[in-house]
Amino acid sequence: MTNVGEQLKKKLALRGGGFTFKQFFVAHDRCAMKVGTDGVLLGAWAPVEKARKVLDIGCGSGLIALMIAQRSASEVMIDGVELEPAAAQQAISNAAQSPWADRVRIYEQDVYQFAENHLHQYDLIVSNPPYFAPAVACRDEARDTARYTGSLTHDALLNCAEKLITEEGIFCVVLPHDLGVELSRLAVQQNWFIRCQVDIRDRPGKPLHRMLLMLSPQSGETEFQRLDLRQSEGVYSPEFCALISEFYLNY
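Note that the sequence shown covers residues 0 to 250 in numbering that gives the first Met the number 0.
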């Protein structure tokens, strides 16, 4: 007979309308963009050891903010900014129902206004930003906002982060690889320093398709890494498992 913990785990795993992690549930049925590997990668990878105040720009369902809350010390405060009303309200609900309701705050606001009016700065800023050029509009306006850079260009994203980050802070983003290359060039032009770049592919022999990028206003050594999500036979790689083991069920 299974114990209470196993019964609860199975019950949560069957819950619909979202994604169940080991310590929390992320509802995403009201969000244009659902829980996906990009957000999980960023939430598991961004460095939290020195952070005391964290900001998630374009937080969507609140996934990354909640992952960072799980990974960080109890005194760390996490803010999320989300423009799309339905997503912001869902993030508020997800945070309120999580174990870290007292540490995660969601602002339904344009990040431009947030950057202009917010009084304090952040040691760590994270973002899974829009990444499609707005050549063809989506049928769904909310999905359009979530996916297309027309509502938040990468130049504007860097400018907002510059206003909100501490002198020794870290700014982490996840993007398709080609756009990550473009963002890194733009960041250097705007006097950011690349501290770490992780080139990601699905498995050995496949093309690079994602990039994790760590930027800072302070100079330092640049570390380049490669991450294969799967091994040649298709199973998750040990490196990816190490990132997700504290979050995914059955790992």
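All C-beta atoms, glycine included, are put in the ideal place defined by N, C-alpha and C.
Rounded to the nearest angstrom, what separates residue i and residue j at their Cα positions?
i	j	result
LEU242	THR36	11 Å
GLN69	GLY179	27 Å
CYS240	SER183	27 Å
ASP154	GLU238	32 Å
GLY219	LEU163	20 Å
SER126	GLN224	20 Å
ASP177	MET210	8 Å
PHE113	GLY38	22 Å
ASP101	CYS30	23 Å
GLY42	GLY204	26 Å
LEU62	ILE199	20 Å
LEU207	LEU174	11 Å
GLY168	ARG104	20 Å
VAL75	GLN230	35 Å
GLU222	GLU161	22 Å
VAL197	GLU48	19 Å
ALA134	LEU156	Low confidence applies to ALA134: its pLDDT is 39, below 50, so where it sits in the model is not reliable, and the reading given next is rough at best. One C-alpha to the other measures close to 20 Å.
LEU185	GLU115	22 Å
Out of the options, which one is the CA nearest neighbour of residue i?
i	options	result
GLY59	ILE124, GLN230, ASN93, GLU166	ASN93
SER71	LYS52, GLN89, LEU62, GLN88	LYS52
GLN108	SER126, GLU81, ASN116	GLU81
GLU232	ARG202, HIS176, GLY17	ARG202
ASP227	LEU40, VAL25, CYS159	LEU40
GLU166	VAL173, LEU156, VAL187, PHE192	PHE192
ASP55	MET32, PRO128, LEU211	PRO128
GLN189	SER244, PHE246, GLU222, PRO216	PRO216
GLN89	MET76, VAL34, ALA45	VAL34
PHE246	TRP44, GLY15, ASP28	TRP44
THR19	MET66, ALA50, GLY57	MET66
SER73	ILE91, GLY79, ALA50, ALA87	ALA50
SER159	GLY16, LEU212, TYR250, GLY57	The question names Ser, but residue 159 in the sequence shown is Cys. Comparing Cα positions, the closest option is GLY57.
VAL110	ILE91, ALA85, GLY79	GLY79
VAL151	GLU83, SER244, LEU212	According to the sequence provided, residue 151 is Leu. The question's Val does not apply to it. Selected option, being the one with the closest Cα: GLU83.
GLY15	ASP28, GLN22, LYS21	ASP28
ALA86	PHE170, GLN22, GLY17	GLY17
With H, G and I counted as helix, E and B as strand and the rest as coil, what does DSSP make of residue i?
i	result
GLU115	helix
ARG29	coil
LEU123	strand
ARG200	strand
THR152	coil
VAL47	coil
GLN224	strand
PHE239	helix
GLU161	helix
LEU62	helix
ARG229	strand
ASP139	Summary for ASP139: the model assigns pLDDT 49, below 50, so the residue's position carries little reliability, and this model does not support an answer.
ARG102	coil
LEU248	coil
GLU107	strand
SER97	coil
GLU81	strand
Give me the DSSP bridge partner(s) of residue i.
i	result
LYS52	MET76
ILE169	LEU123
THR19	PHE24
ILE193	LEU214
message = Counting beta carbon pairs with one atom in the stretch 112 to 126 and one in the stretch 93 to 103, are three or more of them shorter than 8 Å?
response = Under the 8 Å Cβ criterion, the stretch 93 to 103 does not count as touching the stretch 112 to 126, having fewer than three qualifying pairs.
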